[in-house]
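Encoded as structure tokens, the structure appears first; notes follow it.
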Amino acid sequence: MPADTPTLVRIWDLPTRLFHWALLTAVLGAVVSAKSGQMDWHPRFGYAVFALLAFRLLWGVVGGRWSRFASFVRGPGTVWRYLRGTATAGERLDVGHNPLGALSVLALLAVLAVQVGTGLVSDDEIAFTGPLNALVSTDTGLAATSWHRGWGQWLLLGLVGLHLAAIAAYTMRGKGLVSAMWLGDKALPPDTPPSADGPAQRLLAAVLLAGCSLGVWWVVTRWG
């Protein structure tokens, strides 16, 4: 076999893959429950998103190589070289999230964080009052509710749609993004360093997720 023949390399560790699909499920659940008036379930899905976002923030520091923010958050110069097609192979910009995909991911996580934050302090004066609403003024709570139900919601849906459109476009070009996020591996040059994905890494992820979930539970019950 030639030395440069692509081989399967572990890019997305199991915790990252589970996070991805769990976040998708929680966001869909939050949207559907809100649209169908199931306000008992809407905040539960929101709390799940809260815990998952906290986990991803930590996992972006200590997770597998290609799940770390340091591996895919790039500066303007690198993004520009990628757009111009002048990046070098040694930069490995297409191994995990490419520079454009990274911007999409960061924007999606940021908007989700704002939606969670505004939901926690919201008050629709009908069926739901966020557990942290008492910590803000009435005007702030109403402004947060307006954003959460208006611009924030549509911005989130727009970013999700853009994310799905990008995945579809890459799939049509033969880029196995979905299969990589499902199975964890991509066909890459054999010298591509893999992400750590052993028992110790998975145990660490479980501990971090449990801690994040307990933290969210404490926040919700402390003031809720």
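Positions in the sequence shown are counted from 1; adding 852 to them yields the numbering used here. Just so it is clear, CB atoms sit at the ideal spot from N, CA and C, and this is done for glycine as well.
query                                                                                                             : result
Beta-carbon proximity list for Gly982, same chain, < 7 Å, skipping 5 on both sides                                : Gly971, Leu972, Val973, Ser974 and Asp975
In DSSP terms, what Lys887 is bridged to                                                                          : According to DSSP, Lys887 bridges with nothing at all.
Per DSSP, the bridge partner or partners of Val861                                                                : Lys1038
Rounded distance between the beta-carbons of Val861 and Thr1044, thought under 8 Å                                : 5 Å
C-beta contact flag for Gly1068 and Tyr899 at 8 Å                                                                 : The sequence given here has Val at residue 1068, not Gly. Contact: yes.
For Arg1054 and Leu935, believed in contact at Cβ under 8 Å, the rounded distance                                 : At roughly 36 Å, the Cβ-Cβ gap does not stay under 8 Å, so Leu935 and Arg1054 are not in contact.
Spatial distance of Leu984 from Arg896 (CA atoms)                                                                 : 15 Å
Cβ-Cβ separation, Trp1075 to Leu994 (assumed contact under 8 Å), whole Å                                          : The pair is not a contact, with the Cβ atoms about 18 Å apart (cut-off 8 Å).
In chain order, each alpha helix (DSSP H) run of at least 4 residues that lies wholly inside the region 1003-1070 : 1003-1024 and 1029-1035
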